[in-house]
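To keep things clear, I will list the structure first and then write my remarks on it.
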Amino acid sequence: MTKHVHLTVPVSEQDHSQGPVTAPVTLVQYGDYECPYTRQSNTIVREIQQQLGDRLRFVFRNFPLLQIHPHALQAAEAAEAAAAQDKFWEMHDYIFHHQHTLEDADLARFADAVGLSQEQYQQDMHEHRYRDRIRDDEENGIRSGVEGTPTFFINGVRYDGSWEQEALLAALTQVSA
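Below, the structure is given as structure tokens:
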């Protein structure tokens, strides 16, 4: 018998989400901006979002793996700083598309590229304004059994299957049926 692991902190308005709140399926991803597997899964999730449309709500939560990804925390901070300027998803995708360059100067260029106020961005980064939010995501992930990235939850239950497009789409479609 398979033991189901549940999301300990339900999705809320605090989360970064795309898709309707009323969607029959909510996919929560814990990810790391420097993780090549999270980057690959981001592309897959984008394709699945196009296929499922309004039947899917997607939520991204930070889970920087600092022991192996030295730039993951700064990248998460940059995404959160962008969220404060209503540009989370633009920065989220931009970081993944340029994952091989995540130094502070690179992240500042990304902020320009997605149209952020550089003054506000620099202040947020200097003050580490969003570190607590990132730590909250990480702690909530640990309580939910997250050990690596990417980790997915479908309607609050951890998905332990393949995150290749066909398998993940099949699992999401089955839940939405």
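Numbering (UniProt numbering), first residue to last: 1 to 177. The beta carbon of each residue, even a glycine, is placed where N, CA and C say it ideally should be. Computed from a predicted structure; not experimentally measured.
Give the straight-line distance between the Cα atoms of residue i and residue j, rounded to the nearest whole angstrom.
i           : j    : result
residue 183 : R143 : Given a span of 1 to 177 for the chain in the structure shown, any question on residue 183 remains unanswerable.
Q18         : D54  : 10 Å
V175        : F58  : 14 Å
D86         : Q118 : 14 Å
H98         : A75  : 11 Å
L116        : T26  : 29 Å
R135        : D124 : 16 Å
L169        : N42  : 13 Å
M1          : A108 : At M1, the pLDDT of 40 sits below 50, so the modelled position is not reliable; the number obtained from the coordinates is stated separately. Cα to Cα, the separation comes out at about 49 Å.
I68         : L102 : 14 Å
Closer than 7 Å by C-beta to residue i: which residues in its own chain qualify, once you throw out the five before and the five after it? Chain order, please.
i   : result
Y37 : T149 and P150
Y94 : F110, A113 and V114
R39 : F96 and Q99
Give the DSSP-derived three-state secondary structure of residue i in the structure shown.
i    : result
T151 : strand
F63  : coil
V175 : helix
Q85  : coil
Y159 : strand
V45  : helix
R131 : helix
L56  : strand
Counting only the same chain and skipping the five closest in sequence on each side, list residues whose C-beta sits under 6 Å from that of residue i.
i    : result
Y130 : E77 and E80
Y121 : A81 and A111
N140 : V9
Applying the criterion that 16 or more other CB atoms from any shown protein chain within 10 Å of the CB defines a buried residue, is residue i buried or exposed?
i    : result
E34  : buried
P10  : exposed
G31  : buried
R61  : buried
D160 : exposed
For residue i, I'd like the list of residues in its chain whose CB is within less than 8 Å of its CB, leaving aside the five on either flank, ordered along the chain.
i    : result
E164 : I44
H71  : Y33, E34, L102 and E103
L65  : D32, E34, C35, A72, G148 and T149
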